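Numbering (the numbering used here), first residue to last: 22 to 207.
Cβ atoms here follow ideal geometry from the backbone N, Cα and C, with glycine treated the same way.
In this text the structure is predicted, and so the values were computed from the model without any measurement.
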Amino acid sequence: MDALAELTAEQGYEATKISDIVKRAGVARKTLYDNFEGKEEVFLAAFDAARDEVLRRVEEGADADEGAEAEERDWQERVEGGLAAFLAYVAEQPTLARMCMIEALQATPATARRYEDADKTFVELARQVLPKGERVPDTIAESLVGGVAWIVRRQIDRGEAERAEDLLPELTEFMLAPYLDASMPE
Numbered sequence: 022m023d024a025l026a027e028l029t030a031e032q033g034y035e036a037t038k039i040s041d042i043v044k045r046a047g048v049a050r051k052t053l054y055d056n057f058e059g060k061e062e063v064f065l066a067a068f069d070a071a072r073d074e075v076l077r078r079v080e081e082g083a084d085a086d087e088g089a090e091a092e093e094r095d096w097q098e099r100v101e102g103g104l105a106a107f108l109a110y111v112a113e114q115p116t117l118a119r120m121c122m123i124e125a126l127q128a129t130p131a132t133a134r135r136y137e138d139a140d141k142t143f144v145e146l147a148r149q150v151l152p153k154g155e156r157v158p159d160t161i162a163e164s165l166v167g168g169v170a171w172i173v174r175r176q177i178d179r180g181e182a183e184r185a186e187d188l189l190p191e192l193t194e195f196m197l198a199p200y201l202d203a204s205m206p207e
């Protein structure tokens, strides 16, 4: 899975061949096919593992569980903690981040669906952390998660994934602004 992530980051999903994967991974072709049906299945397994890890880190960073610690932190700290965890993952795992956030959208219909499903998961997590309010549209969590993803994809596409954490102040302000503006008197 690491070999596929590296290769797709270097040359794209379409150009990556099974022979490239087994050579980079140092395994026999038979070993790959004993574990996976093909390149797409390897991609999806790598995507799922990365998604699960980043989701775990974001939840941990936001204390998004229903425990007492989550109640002690205000929503703004939780948003910043979740964003910090996400950006740290992107900086630490630039090849996986590229595979999941850029290549997944264009590799195959199944990988694009997997990306969309992951996006929905992060939107639901944002809804758990962001305050409820009558003065912000119902679609705001989708807009904010989509905006963060777009900005991070641009950072990755520029070859600057390792500097993703530099985006924390800007993205925190982006996530908080609609709610802080909505709390101001009219």
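Hey, could you find the ends of the alpha helix (DSSP H) residue i is sitting in?
i: PHE143; result: 130-150
i: GLY167; result: 161-178
i: PRO115; result: 115-119
i: THR52; result: 50-56
i: LEU25; result: 23-32
i: ARG45; result: 39-46
Where residue i and residue j are concerned, what is the direct C-alpha to C-alpha distance, given to the nearest angstrom?
i: PRO199; j: ARG45; result: 46 Å
i: LEU76; j: PHE143; result: 8 Å
i: GLU163; j: PRO152; result: 14 Å
i: LEU211; j: LEU104; result: Residue 211 lies beyond the residue range present for the chain, which begins at 22 and ends at 207; the question has no answer from this structure.
i: ALA89; j: ASP95; result: Here ALA89 scores only 45 on pLDDT, less than 50, and its place in the model should not be relied on; the value that follows carries that caveat. Rounded to the nearest angstrom, the two C-alpha atoms are 12 Å apart.
i: ARG50; j: GLU58; result: 11 Å
i: VAL166; j: ARG174; result: 12 Å
i: ASP41; j: GLU61; result: 14 Å
i: PHE195; j: ALA139; result: 21 Å
i: GLY208; j: ARG78; result: This structure cannot speak to residue 208, because the chain is shown only from 22 to 207.
i: ASP73; j: ARG99; result: 19 Å
i: THR37; j: THR132; result: 15 Å
i: LEU188; j: THR29; result: 24 Å
Since residue i contacts residue j with CB under 8 Å, what's their CB separation in whole angstroms?
i: LEU25; j: ALA67; result: 6 Å
i: GLU183; j: ALA112; result: 5 Å
i: VAL157; j: ALA83; result: Not a contact, Cβ separation roughly 19 Å.
i: GLU137; j: ALA106; result: Not really, about 22 Å apart at Cβ, beyond 8 Å.
If you reduce the DSSP assignment to three classes, tell me which class residue i lands in.
i: GLY59; result: coil
i: GLY154; result: coil
i: GLU181; result: coil
Check whether the Cβ of residue i lies closer than 8 Å to any Cβ atom in chain D.
i: ALA182; result: Any reference to chain D falls outside this structure, which holds one protein chain only.
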